[in-house]
Amino acid sequence: MARRAAFIDSVRTEVGGVVLVDAGNFTGHQVETAEARSLFLLEVMKKVDYDAITIGASDTRLGGGLLRSIVQGGEYPFVSANIVDSESRDLVCDPYRIIDRDGLRIGITAVTFFPFAKLESVQAEGFDALDPAESLEKIVPELRREADVVIVLARMHSNRARQLGEHFVDMLDVVVVGNSEGGRGLVHPENGGAVYVTSSDRGQSFGVAKLALADGRVDRVTGDEVILTKRLPEEPEMLSTVQEFQRNLNDLMRIQAATGKALQSSADGHYYLGVESCASCHEREYEIWRETPHAHAFQTLVTAGQEALPECYGCHVTGHGDPIGYDPAVDGDARLVNVQCEVCHDKGSRHSRDGDYGRSLLMNACGQCHDPDNSPDFDAEIYWLMMEH
């Protein structure tokens, strides 16, 4: 839940406590369940008292109407100094907010850069972004006068965020960088006078900026990042809340699949046969497969109560995303559950057609699911030894 968030914590605990912020794209990467997950995440952020949230390009996938109602409804602390209505050119939310922590005034503003590749879809939902630097020119001097600490949420690549910081030398204290870059860590520019805090996707880490104060002003800022490993204990109440949401969402997706209509058509005339068809001739290979985790991949989701979530079952079934592949609307399509032969060897109807069957995908198929986010320890040569046949 701390995805791209930064905890701003005063070293002197009697002066402040904690400030929680999120630098945009709270919708995450899911498509089918984006709306439900986004609304749940916002409620969690409200429950734990987030102080500021901004908007990223991916958030506009919720649709202009829903996103506006969320941003402008007053329930959540959205800020943006440069996201505007594409027609009226008015800001869609407050440009900044100033919060008080035991007499310490903390000013928070935000700017977003919409990548050109996503600009058309963003504008289609009725949003646009003004120049970040020009927008901050109107905000930062006022914040610097009124606040003891100035924080900017920068929904952009770290290089652009660095340029902003250097443009406003000695006027910013912390820049929280929200971006889609690989890797983790902190950016400490030579110029700019600010500490840049980043964190990773999917709640894997959160950034921390610690501020030391002198005479009511920031004297020193240090940055860090907390990696959320299994060694850190779960918070029982929050864990229970998340698990309940997952169960409810899974039930909802199961109902939708059961009442939906399956569209089973093949553009190229080929189709999946299922592992039992393979086993009739490839008995040895089938027995080896049965002992691998691939043969029980779907059951792990059933056990976790996530078997109806498309973003989960896609890597635990055969042919997900193909019109004739796994479809939960077809009685759960039990024929194609688990990671079967045809995930690596292609559709069985191609067998023996051109003499090349079985060698067209192979290791290339692994990377579709064993990517850095879902399988950070993946090593093709080592993993192959667990299923060699």
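Using the working numbering, the letters of the sequence shown correspond one by one to residues 1347 to 1735. Backbone N, C-alpha and C define an ideal beta-carbon position, used for all residues, glycine too.
Check, Outcome
"Burial state of A1427, where buried means 16 or more other Cβ atoms lie within 10 Å", "buried"
"Coarse secondary structure for V1621, derived from DSSP in three states", "helix"
"Residue closest to A1382, alpha-carbon to alpha-carbon, out of Y1659, E1653, V1588", "V1588"
"Proximity to K1484 [Cα-Cα], best of V1572, P1461, A1456", "A1456"
"Same chain, Cβ closer than 8 Å to Y1659, neighbours up to 5 away in sequence not counted", "F1644, L1647, Q1652, E1653, H1666, Y1672, P1674"
"Which residues DSSP lists as bridging R1501, in chain order", "T1458, G1524"
"Any chain B beta carbon closer than 9 Å to H1628", "Of the protein chains in the structure, only one exists, and it is not chain B."
"The stretch 1399-1417 touching the stretch 1370-1390, judged by at least three CB pairs closer than 8 Å", "yes"
"Collapsed DSSP secondary structure at A1475 in the structure displayed", "strand"
"Reduced DSSP category for A1603 - H, G, I as helix; E, B as strand; rest coil", "helix"
"Burial state of K1607, where buried means 16 or more other Cβ atoms lie within 10 Å", "Residue confidence is low: K1607 scores 47 on pLDDT, short of 50, so the model does not pin down where it sits. Its coordinate-derived value is still stated next. Counting Cβ neighbours within 10 Å, K1607 comes out exposed, since fewer than 16 surround it."
"DSSP beta-bridge partners of Y1396", "Looking at the DSSP assignment, Y1396 forms no beta bridge with any residue, so it has no partner."
"For R1451: DSSP bridge partner residues", "D1446"
"Residue range of the beta strand (DSSP E) that includes L1557", "1551-1560"
"Buried versus exposed call for D1679 [16 or more other C-beta atoms within 10 Å across all chains shown]", "buried"
"Outcome for F1462 when other beta-carbon atoms lying within 10 angstroms are tallied against a minimum of 16", "exposed"
"Opposing strand residues paired with R1566 [DSSP bridges]", "A1558"
"Distance between A1380 and N1684 (C-alpha atoms, nearest Å)", "24 Å"
"Three-way DSSP call (helix, strand, coil) for G1363 in this model", "coil"
"Rounded Cβ spacing between V1430 and V1417 (contact assumed at less than 8 Å)", "Actually they are not in contact, since the Cβ atoms of V1430 and V1417 sit about 12 Å apart, beyond 8 Å."
"Three-way DSSP call (helix, strand, coil) for V1377 in this model", "coil"
"Inter-residue CB distance, L1408 and S1384 (contact presumed, cutoff 8 Å)", "6 Å"
"Residue range of the unbroken alpha helix (DSSP H) whose run includes Y1729", "1726-1731"
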